[in-house]
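J.:
Protein chains in written order, with the numbering used here: chain A, 6 to 508; chain B, -7 to 238.
(1) Taking a contact to mean a Cβ-Cβ separation below 8 Å, would you say residue 477 (chain A) touches residue 461 (chain A) in this structure?
(2) In or out: residue 173 (chain B) buried (at least 16 other Cβ within 10 Å) or exposed?
(3) Using a cut-off of 7 Å between C-beta atoms, extract the partners of residue 315 (chain A) located in chain B.
(4) So for residue 317 (chain A), helix, strand or coil by DSSP?
(5) Answer yes or no: does any C-beta atom of chain A fall closer than 8 Å to that of residue 116 (chain B)?
(6) Whole angstroms is fine: what's the gap from residue 282 (chain A)'s alpha carbon to residue 56 (chain B)'s?
(7) Using the Cα positions of residue 6 (chain A) and residue 109 (chain A), report the straight-line distance between them to the nearest angstrom.
(8) Just the chain A side, please: which residues come within less than 7 Å of residue 209 (chain B) by C-beta, in chain order?
(9) Is residue 199 (chain B) close to chain A, meaning its C-beta is less than 8 Å from at least one C-beta of that chain?
(10) Confirm, please, whether the CB-CB distance from residue 27 (chain B) to residue 235 (chain B) is below 8 Å.
(11) Say whether the stretch 291 to 311 of chain A touches the stretch 333 to 345 of chain A, bearing in mind that this needs 3 or more beta-carbon pairs closer than 8 Å, one atom from each stretch.
(12) Verify whether the separation of the beta carbon atoms of residue 425 (chain A) and residue 415 (chain A) is less than 8 Å.
(13) What are the uninterrupted segments assigned as beta strand (DSSP E) that are 3 or more residues long and contained completely in the stretch 10 to 74 of chain A, given in chain order?
(14) Could you check how far apart the C-beta atoms of residue 300 (chain A) and residue 435 (chain A) are, in whole angstroms? I think they sit under 8 Å.
(15) Closest to residue 141 (chain B) by CA distance: which of A:75, A:112, A:295 is it?
(16) Under 8 Å by Cβ, that's how I've got residue 159 (chain B) and residue 319 (chain A) pegged, so tell me the actual separation to the nearest angstrom.
(17) When the distance is taken between beta carbons, is residue 353 (chain A) closer than 8 Å to residue 375 (chain A)?
(18) Relative to the ligand ADP, is the shortest distance from any of its heavy atoms to the C-beta of residue 75 (chain A) smaller than 7 Å?
(19) Of the residues A:247, A:119, A:323, which one's Cα is nearest the Cα of residue 443 (chain A)?
(20) Would residue 167 (chain B) pass as an interface residue toward chain A - the criterion being a Cβ-Cβ separation below 8 Å?
(21) Is it right to say residue 151 (chain B) is buried, meaning 16 or more other beta carbons lie within 10 angstroms of its own, or is it exposed?
(22) Comparing the C-beta of residue 27 (chain B) with each C-beta of chain A, is any distance below 8 Å?
(23) Could you check whether the Cβ of residue 228 (chain A) sits closer than 8 Å to any Cβ belonging to chain B?
(24) Whose Cβ in chain A lies nearer than 8 Å to the Cβ of residue 243 (chain B)?
(25) I'd like to confirm the pairing. Which residues does DSSP put opposite residue 427 (chain A) in its beta bridges?
(26) Select from A:189, A:171, A:457, A:125 the residue whose C-alpha is nearest the C-alpha of residue 145 (chain A).
(27) Got a sec: which bits of the stretch 314 to 348 of chain A sit with their beta carbon under 8 Å from any beta carbon on chain B, in order along the chain?
(28) Whole alpha helix (DSSP H) runs in the stretch -7 to 59 of chain B with 4 or more residues, listed along the chain?
(29) For residue 43 (chain A), which option in A:229, A:249, A:492, A:294 has the closest C-alpha, if you only look at C-alpha atoms?
(30) Look at the alpha carbon of residue 20 (chain B) and the alpha carbon of residue 225 (chain B), and state the distance between them as a whole number of angstroms.
(31) Verify whether the separation of the beta carbon atoms of residue 128 (chain A) and residue 167 (chain A) is less than 8 Å.
(32) Would you give the residue range spanned by the alpha helix (DSSP H) that residue 222 (chain B) belongs to?
(33) Rounded to whole angstroms, how far is the Cβ of residue 220 (chain B) from the Cβ of residue 12 (chain B), which I believe are closer than 8 Å?
(34) In angstroms with no decimal places, state the Cα-to-Cα distance between residue 141 (chain A) and residue 179 (chain B).
(35) When you compare only the Cα positions, how much space is there between residue 483 (chain A) and residue 162 (chain A)?
(36) Output, in sequence order along the chain, the residues in the stretch 372 to 398 of chain A whose CB is closer than 7 Å to any CB in chain B.
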């Protein structure tokens, strides 16, 4: 809310200046584990910068400090030359707006306009002015479109309605699919062109999203390890540990092509409620081959998760049939328990389902339920741990104290420890950075080579094409295409050009 | 452009009841509740059922949705019923359960017809006098509004965790009561972690949008008391009075 004149006069002072900030969560043992270590940088008015970092690099903490939501232990953060803690609360909130990762956790109201009105209401504006702000903000984010990203659009409008000079986005697009990301990016480019300062914290690299970013700062383990212009960054990206998005796609088929059918899905249809008009799955026919890796791709809501939850009888068959090793899939009783041991299912964000005080107990849960005991159980626990490549010292640790990526590995290990012959994973890479993506993809490849059947749900076509043996493409509850990556690569390019526009 | 974001239990249909001032709805609700509690004969309860059916008709919300939202309440009612059968006679048990059921459905109509923030506003103004004796009127109202907004989301989370633990072989529906309670820990512990994390994130997001308690906060649509609001309360009082006399 600082006017033009004031900023011009202060031309030599950057809009935001971070001066050797350090921060630690364990305040008692200060200095033992620093989340941020001596971080310094500046952002000029109207600039758009990206702060890149892997999971656990301290970027989310940095975001909170930049937004004045957390006070650093050492150093200071200046906005237009004034220490952020000295700014009036409402002045600060009218200067810096924030959009966070999970849209569901930032929406306070049940209706769009009521939610966007939240910030101007907090500023104590008269009602006609609030309405004007709401209308402008919604027009600004092109709210008329009905798309997957609409909730994140509302969050963006909600921040804009405060009439801020600077937007900080903390992984704001990382839960969206490719199209959703493009929609939000378009809005961001427009508001940047109109003079908004934008600080974007992300781990996703896309040439298009980066097109109007001026500078890049790379954060690793709480320290700035690199900073430079956008152009310089792309030459260095691989050395800094990032995967370039436009690498040539090479397919990677199973060592021995198999014709053994593990699951035969025969004309499967499903509705959540009998009186629903729309089917969640409609006439699905598919073969899933033993010892192969199948990727199921499709947009949010296309029926992917519903389909895989049929494979271990979490959803009961309503119409059609599924055959597992030639037998009708178990639907009730003790047979279902056996089925669930043989077909391991890893849900999306499985780290949210951990409950044990130690990794050992977490890994023991599934095999114990499947009847393992004694040395057999110990061996199963070690097997799970070994599959995901974690060291034995992890066994006695508390899952909550681990990093996000490690928790994901423990959660996957807790399904693998029951020694399933089929492993189904729903978006196993969601929210992970490149290094953990590599670990999990390599692990799945190994398990496949050992003869296990792998089924993954992904919205990342690149991963599906590069790693899996077959691809099943769902759209609006129906099967659209099925085949090997080589067969599908050109067909998909015509159906889904958006997925290829980066390469 | 003010469309539903699809969070919370609020079902906008634009009915007369939806348009009522939240204060009027809260007040009328209070009158109805205090009148159903002492209902002692079947006639009174039957009349309240008739009122309920008319109310649902006016709100244009389908019974299917109402019963779905009410599903968790059925357990409470079933429990009360069993408890009463155990300690009393069958008729009494069924009567108490029916009365409780009617009461609960009336209660559910409130969040179904009122947006969470609107409800918070209404509660806030009604409780404001209590802040003179140190009661955190605004905070409690905001808390209730936020809780209502997050209930459906937490139900989804619970469902997902249950599915995940069943996939790992958990047997949630077998064994004696003690074993069943114990078997539920793998669901409850992750749920609590998620609730705390969500609460923390939403608090941060609210602060980032300049929320600093109720002081100095204005509203896009300030509450305006209309003639229909007075009328709604009068109807509630008359109904409660007449049915109480019977």
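Note that CB positions come from ideal geometry on N, CA and C, so glycine has one too.
These figures come from a predicted structure and were not determined experimentally.
T.: Reading it off the structure:
(1) no
(2) By the 10 Å Cβ count, residue 173 (chain B) comes out exposed.
(3) None at all; the shortest Cβ gap to chain B is about 12 Å.
(4) coil
(5) Not one chain A Cβ lies under 8 Å of residue 116 (chain B).
(6) 15 Å
(7) With a pLDDT of 46 at residue 6 (chain A), under the threshold of 50, the predicted position of this residue should be treated as unreliable, though the coordinate-derived value follows. Each residue's alpha carbon lies about 28 Å from the other.
(8) In chain order: 126, 127, 129.
(9) yes
(10) For the pair residue 235 (chain B) and residue 27 (chain B), the CB atoms are nearer than the 8 Å cut-off.
(11) no
(12) no
(13) 21 to 28, 41 to 48, 53 to 58
(14) Residue 300 (chain A) to residue 435 (chain A), Cβ: 14 Å. No contact.
(15) A:112
(16) 7 Å
(17) no
(18) Of ligands this structure carries none, so the ligand ADP is not represented either.
(19) A:247
(20) False, the Cβ-Cβ gap to chain A never drops below 8 Å.
(21) It counts as exposed.
(22) no
(23) Not one chain B Cβ lies under 8 Å of residue 228 (chain A).
(24) Summary: the structure shown does not reach residue 243 (chain B), with chain B confined to residues -7 through 238, and so no result is reported for it.
(25) A:348, A:458
(26) If you compare the alpha carbons of A:189, A:171, A:457, A:125 with that of residue 145 (chain A), the shortest gap goes to A:189.
(27) 314, 317, 319, 342, 345, 346
(28) 8 to 11, 14 to 28, 34 to 51
(29) A:229
(30) 5 Å
(31) yes
(32) 219 to 237
(33) 7 Å
(34) 44 Å
(35) 34 Å
(36) 374, 375
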